[in-house]
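Here is the structure we will look at.
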Amino acid sequence: MQAILKAAITPRYGHIPFLSAGPAFMTDANDIPITVAGAGSVGCYVGARLAAAGRNVTLLTRPALAATISRHGLHCSDLEGHNIDVGPDRVTLCTTPSEALAGAKLILVAVKSHDTEAMAALIAEHAGGGAVAVSLQNGVSNAGLLRRRLGAERVVDAMVPFNVVQSRPADAPPRFHRASGGVIQIERTATGLRPVLEVPHMPVAERDDIEAVLWGKLLVNLNNGLNALSGLPIVEQFGDRHWRALVARQLDEGLAVLNAAGIRYAPYEGVPQRALALALRLPDALFQVAAKRMLSMDKNARSSMWEDLQAGRRTEIDYLQGEIIRLADQVGHPAPLNRRVLALVKEAETAKKGPPGLPPEAVWGAL
1 MQAILKAAIT PRYGHIPFLS AGPAFMTDAN DIPITVAGAG SVGCYVGARL AAAGRNVTLL
61 TRPALAATIS RHGLHCSDLE GHNIDVGPDR VTLCTTPSEA LAGAKLILVA VKSHDTEAMA
121 ALIAEHAGGG AVAVSLQNGV SNAGLLRRRL GAERVVDAMV PFNVVQSRPA DAPPRFHRAS
181 GGVIQIERTA TGLRPVLEVP HMPVAERDDI EAVLWGKLLV NLNNGLNALS GLPIVEQFGD
241 RHWRALVARQ LDEGLAVLNA AGIRYAPYEG VPQRALALAL RLPDALFQVA AKRMLSMDKN
301 ARSSMWEDLQ AGRRTEIDYL QGEIIRLADQ VGHPAPLNRR VLALVKEAET AKKGPPGLPP
361 EAVWGAL
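Below, the structure is given as structure tokens:
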């Protein structure tokens, strides 16, 4: 599940301080070489918005997508109707890490969580010592992995609240549609990142509590596994009170585990997770009223985990439900539904037959 409330931040532009190999210096945001490492759906959307604003963007992506973009460019859209076309001449396309990372000053890490260690090694090998890596990933452990390899001063954590739907029409630009709302949250640092990343139609906010923000998102993202198992668009899934009961139960378990572990979590897009769990249990008619803003997303939006199963890829279930289960084992909480969802997603991964389309009662099982 992705963004719940929309927000707007007034953009700031001009000259900004940025971290180099030495002291911070003044430079123009458009002169900073930015590499999106792992340019899939979210990475291409962010990269396209930055490139449209004049930023110097390199996309490190798979050969097939790079070939399509080199012919047609990219099309970027959102819920509010802010559509842009970015020509192939506006971005640099790379399929080899050494080429994409060499010379980069800012690296937006958008690979799946299970690829973070490998990407950290590539950044350490190929990027200059002054390059700053920003984690735009799901989960709570990625920045820590990057810091262990690159050093704490070179890594900034961030949270992307929205999901992006990718489509590739024949003989046309690949399309990257932001299917839900929200403002990118970045760790407050002295490196002046917000004015670099904040561009028209992509607001950014700085946070002093980014770890709590990430835990807050993880609690909400526990629905990614349920959505992948259901095979339904998120709006349709949340229209069914039986699915909502599963989401609420997962939230209850996650909240209990984090509270027992003494881990702080921030409201997600301004909505406390406990209030969300209560709202999910409302009758359908009341829920539709209470959750009107929460359901302000594209009617076809699904979770990124659904996309992974659809493509036969490994999912990030170990970094969502898996994080809750690891903590549950430490504090002595059973977390049975989170364990059940993880097991079912693993089964679907192994089967490689796409999202299994399970009904709610099959997810409940014997619980």
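For the sequence shown, the tail end lands on 367 under full-length UniProt numbering, and the numbers increase by one without skipping.
Cβ atoms here follow ideal geometry from the backbone N, Cα and C, with glycine treated the same way.
The segment 162-250 is shown to contain whole beta strand (DSSP E) runs of 3 or more residues at 164-167, 175-178, 184-187 and 204-207, in chain order. Apart from sequence neighbours up to five positions away, the residues of its chain that approach A52 with a beta-carbon distance below 6 Å are I84 and V86, ordered along the chain. Of the residues assessed, D157 falls on the buried side of the cut-off, its CB having 16 or more other CB atoms within 10 angstroms. Across the structure, A335 and L255 are spaced so that their CA atoms are roughly 10 Å apart. With contacts defined as CB atoms closer than 9 Å, S135 and V155 qualify as a contacting pair. The shortest CA-to-CA distance from V213 to any of V140, T96 and R340 is the one to V140.
Setting aside the 5 residues that flank it on each side, W215 is surrounded in the same chain by V140, L258, I263, R264, Y265 and A266, each with a C-beta closer than 8 Å to its C-beta; the list follows chain order.
For H72, the three-state secondary structure derived from DSSP is helix. The DSSP-derived three-state label of I263 is coil. At a Cβ-Cβ threshold of 9 Å, V165 and H177 count as neighbours. Within the DSSP bridge table, the entry for T35 names T58 and I107 as partners. For V86, DSSP records a beta bridge to L74. DSSP places V341 in the uninterrupted alpha helix (DSSP H) bounded by P336 to A351. With fewer than 16 other CB atoms across the displayed protein chains lying within 10 angstroms of its CB, G312 is exposed. Fully contained in the segment 128-157 are the following beta strand (DSSP E) runs of length 3 or more, in chain order: 132-135. In this structure, DSSP gives D318 a helical state, which the three-state scheme calls helix.
By the criterion of at least three beta-carbon pairs nearer than 8 Å, the segment 236-243 is in contact with the segment 284-291. Within the DSSP bridge table, the entry for Y45 names no partner. Put simply, of L280, L229 and R293 the residue whose alpha carbon is nearest the alpha carbon of E347 is L229. Residue pairing of V271 in beta bridges, as defined by DSSP: Y268.
Boundaries of the alpha helix (DSSP H) around L286: D284 to A290.
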